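Down below is the structure, laid out as structure tokens.
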Amino acid sequence: MTSQEKTRPEERASRNGSPSPEGGRQQRASSKGPGGAARVLRYLGMPIFLALVCLGLYLYIGSKDLDSIEQRSLNASVITQALIEHVQLAAISTVIVVALSVTTGVLLTRPGIRRVAPVIVGMANIGQAVPSIGLLALFAILWTFGFWPAVVALVAYSFLAILRNTMVGLQQVDSSTIEAARGMGMTKMAVLFRIELPLAVPIILAGIRTALIINVGTATLGTFIGAGTLGELINNAISLGREDTVLVVGSGLTAVLALFIDWLASVAEDVLRPKGL
348 MTSQEKTRPE ERASRNGSPS PEGGRQQRAS SKGPGGAARV LRYLGMPIFL
398 ALVCLGLYLY IGSKDLDSIE QRSLNASVIT QALIEHVQLA AISTVIVVAL
448 SVTTGVLLTR PGIRRVAPVI VGMANIGQAV PSIGLLALFA ILWTFGFWPA
498 VVALVAYSFL AILRNTMVGL QQVDSSTIEA ARGMGMTKMA VLFRIELPLA
548 VPIILAGIRT ALIINVGTAT LGTFIGAGTL GELINNAISL GREDTVLVVG
598 SGLTAVLALF IDWLASVAED VLRPKGL
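Our numbering applies: residue 348 is where the sequence shown begins, and numbers increase by one.
Here it is, written out as structure tokens:
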């Protein structure tokens, strides 16, 4: 066998300018290593951290000598009920505001209705400019106390975030792309649902994520108009002077829930974003 035949495949590949098999394997391994670890850390880091926080709260309360008031306030059924009420209030208000604000944003970017956009956006600005506790109290006075007035107040408070992002997302679509689609014979509705909305999805999802976090945080104040939520634990702790136990649990669980919802929204944002955007 000649010396040329004995040459290793890696050396021949390097002389020919093509990557060697071993080099390709090394590149694939290096691309999978740090990137895969970063992705795992991104998706699992927050849940692990929140689980540790909940474990810390459990151990902290377990180390305390609770009196009868604290035992009733920190009962598992009481905490579960408050958590369910909090999630229901935030979820229902977010679903309603997404349906209303995305539809309104689409309509306000159409040529025939675009002229009234400043008026609608101005009204939405007023809804967010009013302090959230004042908005909750206003709807409770005008309507009644309970769950649904809190839902309406949260919808009014978070309406602007999605409306603004929907309008911005649709307006940033290149007009030449729309004209090309129309030139191919697509109808206005087809252009909207197949071109404009898919291209605007990343910006709209960012607005939905913002509105969701607003609703999760503001839902805590729903306790003042009889909507329950985790805010009831916080309010009871302050009223009863149990700041070192009940208040710690109430505020801690509220923060954990907000961070968990934000993590879920970030995962959904990655999954729902069209590929290539």
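All residues carry an ideal CB built from backbone N, CA and C; glycine is no exception.
Since this is a predicted model, take the numbers as computed values, not measurements.
DSSP-derived helix/strand/coil call for residue i
i      : result
Trp610 : helix
Gly392 : helix
Leu413 : coil
Ala605 : helix
Asn422 : coil
Met470 : helix
Thr592 : coil
Arg556 : helix
Ile551 : helix
Gln519 : coil
Ile561 : helix
Met533 : coil
Nearest-angstrom beta carbon gap, residue j and residue i [assumed within contact, 8 Å]
i      : j      : result
Ala684 : Thr567 : Residue coverage of the chain in this structure runs from 348 to 624, which leaves residue 684 outside it and unanswerable.
Val498 : Leu436 : 7 Å
Ile561 : Thr513 : With a Cβ gap of about 16 Å, Ile561 and Thr513 do not count as contacting.
Leu517 : Gly452 : 7 Å
Ile416 : Leu587 : 6 Å
Ser420 : Leu580 : 7 Å
Ser440 : Val502 : 5 Å
Ile467 : Leu455 : 6 Å
Sequence-distant residues of its chain with Cβ nearer than 8 Å to residue i (five each side left out)
i      : result
Ser479 : Ala500, Tyr504, Thr565 and Leu568
Ile525 : Val538, Ile542 and Glu543
Glu590 : Ala584
Gly371 : Because the pLDDT at Gly371 is just 48, under 50, the model does not fix this residue reliably, and the value given afterwards should be weighed accordingly. Correct list: empty, nothing qualifies.
Leu413 : Leu421 and Thr592
Val445 : Ile509, Ile555 and Ala558
Sequence-distant residues of the same chain with beta carbon closer than 6 Å to residue i, five excluded per side
i      : result
Gly554 : Ala508, Ile509 and Asn512
Phe494 : Ala574
Ala615 : none
Same chain, Cβ closer than 7 Å to residue i, five either side skipped, listed in chain order
i      : result
Ile585 : Leu594
Thr576 : Ala429, Glu432, His433, Leu436, Ala566, Thr567, Gly569 and Thr570
Ala528 : Val538 and Ile542
Cys401 : Val603
Val596 : Leu404, Ile408, Leu421 and Leu580
Pro496 : Phe486, Ala487, Trp490 and Ile572
Pro621 : Pro545 and Val548
Phe492 : Ile572 and Gly573
Option nearest residue i by Cα separation, candidates the options
i      : options                           : result
Ile608 : Asp414, Ala438, Leu421 and Leu388 : Ala438
Leu397 : Val614, Ala605 and Pro496         : Ala605
Ala464 : Ser448, Leu483 and Leu546         : Ser448
Asp521 : Leu544, Phe506, Leu611 and Phe494 : Leu544
Ser598 : Val444, Thr450 and Gly578         : Gly578
Ala476 : Pro458, Thr592, Phe506 and Val442 : Phe506
Leu610 : Arg389, Ala385 and Gln519         : Looking at the sequence provided, one finds Trp at residue 610 rather than Leu. It is Arg389.
Arg461 : Val515, Pro394 and Ser613         : Val515
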